[in-house]
Amino acid sequence: MKIENLKNVGIFIGIIILTSFTSSSFAQQKNRDFETGKNLEIFFNTYKGINTMYVDSLNNNLIVRKAIDAMLKELDPYTVYFDEKEMKDFTFATTGKYGGVGALIRKKDVDNYGIVESTYKGFPMDKAGVIGGDTIIAIDGIDVKKAKVGDLSSKMKGKSNSIVKMRIKSLLTGKIKNHNIKREIIKISPIDYSGFINDSIGYISFNTFSKDGAEYFKKALLEMKETGNLKGLVLDLRNNGGGIIDEAVNIVGCFVPKGTKVVDMKGRSKKNTKTYSTHSNPIDLELPLAVLINSSSASASEIVTGTLQDRDRAVIIGGRSFGKGLVQGTQNVGFGSIVKVTIAKYYIPSGRCIQALDYSHRNEDGSVGKVPDSLVTKFKTLNGRTVYDGGGITPDIKIESKYMSIFVASIYARGYFDDFSINYFKKYRTAPAIDFSLSEKEYQNFCSFIMDKDIEFSSKSESNLEKLIESSKKEKIYDKIKNSIDSIEVIIKHKDREKSLKENKKEIISMIESSIVGRYYYQAGKVEKMIKKDTVNNKAIEILSNNKKYNSILTTK
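Heads up: the sequence shown begins at 49 in the numbering used here, then just goes up one per residue.
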């Protein structure tokens, strides 16, 4: 058998051995060992047989990878295998850093060159004078017109201090210039924006619990406290999918006494059963807090939110959180690969587990159901308020997120807001005020810009026309009425687009303004612009500005 075959089999067997401990418990260890050994032997002999006898040569890497993925899929979506090539992305997800040039790239389609969507302030591409809207022509002497976005990103990454040679066409001058850019360790801040949103209320948008995330948070908090004006804090955890538990514990520790229990982790083994408590002195025990969450706030976000709610230390505002009460650990399985596997469930101070989906009891069709209402249990906060398990964190004040309309989402998905803001940036080199408003003239310019663009959006009229076309083809009269249908289609698209632009004007203007601000003030400016019109954030300001109302929410049973 080839070395690569042995390598893959070795990895697969290693994972089977590991994940066998996550399957259903057998009555006796002896029976479990027998079943494990039997299944390993069956798999090995099956693999050996097809590798020896199959009529065509096999792609062993692909076969074993599919087998691994299929096995782990039976457990839960968080138990995942990463091969050697995928470890860079995994490392970035957990540490928030990588070796690269600090830029986001996008492409319209495979036949176009990649465009720099934005650069990270202070990192190599930004320092080289590259801006959003510039076009990447070649990397290390290789034309990248046909390259996928993922391939472009991989080519720009590499060891710190190494050089990547890039040919870039300037948005502003149209000239192509050679750049020798030295890669650095790119450490992405978990804070999109921090600062005062009025005279006394601070705001921190925290996007991930990566390594050292709590230190970034503490620094931002202390900077606001040092002004002497901080009377309340909004912690925005919306769309924060979680991360490292220790970072969540350390953030909670800023606001509760040292030694406060934050979360119990309960696994099958003693090794995976642990209590996490705060271990540092708090920064402020009295500062009024509001935490913003939505359906994409998960895991470590829910630990912070749930603990502060259980201890009546913050008012929670927004939509119900995701409901991920499962903890993952990693295991090396050989040849630079790992498996990330669910090892425990976590329980916040009131005793509740907020896991929403029960992966241990699947339906007959293999789907996973939510914890039924009959099994949802009541718990009490420190002040005696009622809270529930089995489905995420329910906010103290519910305000459901307003999602983009289908029309606006279609424009966003095609990158047309970015395209328009790039043209605006090229036209107006002087930065507008961060709270500027788009003029009616510029909005009409956008309407003209978008009118003939390809947007994957069908109105009722267009859907009805499609039904007419389908029906006419069945009746074999389509060729006779094709010219009329084509004319009607042009009229409908134009009229429907005008109507959609009018109906969604307010939302579209907000998206354009945000994109334009991002061109001049980076991501931080973009967030600062958007939160001023944010209904959930404005509700938080209202609560934090009224001590009587704030205290009433946290004490009313």
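From the three backbone atoms N, C-alpha and C, an ideal C-beta is built for every residue, glycine too. Treat the numbers as computed from the prediction; the structure is a model and nothing was measured.
Distance between residue j and residue i (C-alpha atoms, nearest Å)
i: VAL297; j: ASN93; result: 47 Å
i: LYS169; j: LYS193; result: 26 Å
i: ASN471; j: TYR598; result: 45 Å
i: GLY371; j: ASN342; result: 11 Å
i: ALA346; j: THR256; result: 10 Å
i: VAL304; j: LYS543; result: 58 Å
i: TYR126; j: MET313; result: 16 Å
i: PHE3; j: PHE91; result: Residue numbering for the chain in the displayed model covers 49 to 605; residue 3 lies beyond these limits and cannot be assessed.
i: VAL149; j: PRO172; result: 5 Å
i: GLY315; j: LEU405; result: 17 Å
i: LEU607; j: ARG400; result: The shown model of the chain, from 49 to 605, leaves out residue 607, and the question about it has no answer.
i: LEU602; j: SER202; result: 49 Å
i: ALA683; j: GLU232; result: The displayed coordinates of the chain run from 49 to 605. Any statement about residue 683 would go beyond what the structure contains.
i: PRO397; j: LEU356; result: 9 Å
i: GLU490; j: ASP360; result: 47 Å
i: SER72; j: GLY367; result: Residue placement at SER72 is flagged as unreliable, the pLDDT there being 49, under the threshold of 50; the coordinate-derived value follows with that caveat. Approximately 35 Å, taken between the alpha carbons.
i: ILE503; j: LYS547; result: 14 Å
i: ASN586; j: ARG154; result: 33 Å
i: ILE589; j: ILE249; result: 7 Å
i: LYS574; j: ILE482; result: 8 Å
i: ASP421; j: TYR436; result: 10 Å
i: GLY276; j: ALA461; result: 43 Å
i: GLY147; j: LEU120; result: 30 Å
i: LEU430; j: ASP358; result: 6 Å
i: ILE501; j: GLY463; result: Inspection of the sequence shows that residue 501 is occupied by Lys rather than by Ile. Each residue's alpha carbon lies about 11 Å from the other.
Under the three-state DSSP convention, the category residue i falls into
i: ALA338; result: strand
i: GLN571; result: helix
i: LEU374; result: strand
i: ASN594; result: coil
i: THR442; result: coil
i: ALA296; result: helix
i: ASP582; result: coil
i: PHE383; result: coil
i: ALA588; result: helix
i: ASP81; result: helix
i: LYS96; result: helix
i: ILE533; result: helix
i: VAL565; result: helix
i: TYR436; result: strand
i: THR390; result: strand
i: ILE190; result: strand
i: LYS543; result: helix
Beta-carbon spacing of residue i, residue j below 9 Å
i: GLY438; j: GLN492; result: no
i: GLY290; j: THR326; result: no
i: THR183; j: GLY162; result: yes
i: PHE497; j: PHE468; result: yes
i: LYS213; j: ASN228; result: yes
i: ASN320; j: ILE365; result: no
i: LEU281; j: LEU592; result: yes
i: ASP131; j: GLY354; result: no
i: GLU295; j: ILE441; result: no
i: ASP284; j: TYR251; result: yes
i: ASP124; j: LEU374; result: yes
i: ALA607; j: THR167; result: Nothing can be reported for residue 607: it is not among the residues displayed for the chain, which extend from 49 to 605.
i: THR583; j: ARG433; result: no
i: PHE465; j: LEU219; result: no
i: ILE216; j: ALA262; result: no
i: SER258; j: ILE293; result: no
N- and C-terminal bounds of the alpha helix (DSSP H) containing residue i
i: ASP174; result: 172 to 175
i: TYR460; result: 454 to 461
i: VAL103; result: Taken as a continuous stretch (DSSP letters only), VAL103 belongs to no alpha helix (DSSP H), as it is neither H nor E.
i: GLY399; result: That residue, GLY399, is in no alpha helix (DSSP H); it is neither H nor E in DSSP.
i: SER202; result: 197 to 204
Test: residue i CB closer than 9 Å to a CB of chain B
i: ARG113; result: The structure shown has no chain B; it contains just one protein chain.
Limits of the unbroken beta strand (DSSP E) element including residue i
i: LEU405; result: 405 to 410
i: VAL164; result: 162 to 167
i: ILE187; result: 183 to 187
i: GLY150; result: Per DSSP, GLY150 belongs to no beta strand (DSSP E) and is neither H nor E.
i: VAL424; result: Neither: VAL424 is in no beta strand (DSSP E) and is coded neither H nor E.
i: LYS605; result: Counting along the chain, LYS605 falls outside any beta strand (DSSP E), and DSSP gives it neither H nor E.
i: LYS418; result: 416 to 418
In chain order, what are the residue ranges of uninterrupted beta strand (DSSP E) at least 3 long that sit wholly in the segment 209 to 252? For the beta strand (DSSP E) assignment, the uninterrupted runs of no fewer than 3 residues enclosed by the segment 209 to 252 are, from N- to C-terminal side, 211 to 217, 224 to 230, 232 to 235, 239 to 244.
Threshold first: 4 residues or longer. Then list the alpha helix (DSSP H) segments lying entirely within the segment 303 to 365, N to C. 348 to 358
Which ranges would you report for the alpha helix (DSSP H) in the segment 469 to 511 if only whole runs of at least 4 residues count? 488 to 498
What are the complete alpha helix (DSSP H) segments, minimum 4 residues, inside the segment 250 to 283? Listed in chain order, the alpha helix (DSSP H) elements of length 4 or more contained wholly in the segment 250 to 283 are 261 to 273.
Considering only residues of the segment 116 to 146, which uninterrupted beta strand (DSSP E) runs meet the minimum length of 3 residues and lie entirely inside it, listed in chain order? 128 to 130
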